[in-house]
Amino acid sequence: MILTSFLALFGCKTSTQKMQITAIYSEPNKVTREVLETGATHTYTTNKEVTERLSPVIFMLSKNAETLKFRIQGNISSGGHTINQVRKLRLEKGEQNGNTVTLKYYIEIKKIPGKESADIKGYNYTKDETYKIPVDIKIIRIELYEDRMNDTAGTTPKLIAEQTFNFYAKI
């Protein structure tokens, strides 16, 4: 009896997906330039990003009568003496106006003390979300805000991406 209940537990699948966070790496790049006034050449080293930065965007993965699946993606900068970490993606459901609902997502960024590795320039993040569509909703507006958790400037969250999905029946 106990063994079958454990097997039943391990057979269950959850529908929540964790946020994927990957580092944006850079590598040293030697650059040679000639100074026009003196004619001398100077060689110096810069860092060139080798990992693609994901642009902040929200796009639909699939939609059926009851659910909308979409992906939220973006990037944050981090490096040198400023370490920024993505903490979590938080949903605050907005008000419903008629047949429109606004979903507000906040990506929480926390600044921590320390020094970032020289080859890390930031982090990309992606998360797939599923929203159960109420019967009377025809327009879903999704907004993504960047919320810096322990910023001493007291700034308000900044809108970095928005997308509107219109599900009116085509006649």
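So the sequence shown is numbered by the numbering used here: it starts at 77 and just counts up by one.
Here a beta-carbon is modelled for each residue, glycine too, at the ideal position from N, C-alpha and C.
Nothing here was measured: the structure is a model prediction, and the numbers come from that model.
- According to the DSSP secondary-structure assignment, Y182 is paired through a beta bridge with R166, Y221.
- In this structure, the straight-line span from the alpha carbon of H118 to that of K139 is close to 56 Å.
- I100 is classed as buried because its beta carbon has at least 16 other beta carbons within 10 Å across all chains shown.
- L179 is positioned such that its CB atom lies closer than 8 Å to that of I218.
- A Cβ-Cβ separation of about 16 Å leaves N151 out of contact with N123 under the 8 Å criterion.
- Within the same chain, Cβ atoms closer than 6 Å to the Cβ of Q93 are found at D204, the five residues on either side in sequence being excluded.
- In this structure, DSSP gives G156 a state outside helix and strand, which the three-state scheme calls coil.
- Inter-segment contact for the stretch 184-200 and the stretch 154-168 is present: three or more beta-carbon pairs are separated by less than 8 Å.
- Per DSSP, M95 has no beta-bridge partner at all.
- Counting other Cβ atoms within 10 Å of its Cβ, Y120 stays below 16 and is therefore classed as exposed.
- Note that the C-beta distance between K197 and S131 is not below 8 Å.
- Burial check for I148: the Cβ neighbour count within 10 Å reaches 16 or more, so the residue is buried.
- Counting along the chain, G190 sits inside no beta strand (DSSP E), nor does DSSP assign it H or E at all.
- In terms of Cα proximity to N226, the closest of G115, Y201, E125, I188 is I188.
- Here the alpha carbon of L220 sits roughly 24 Å from the alpha carbon of A141.
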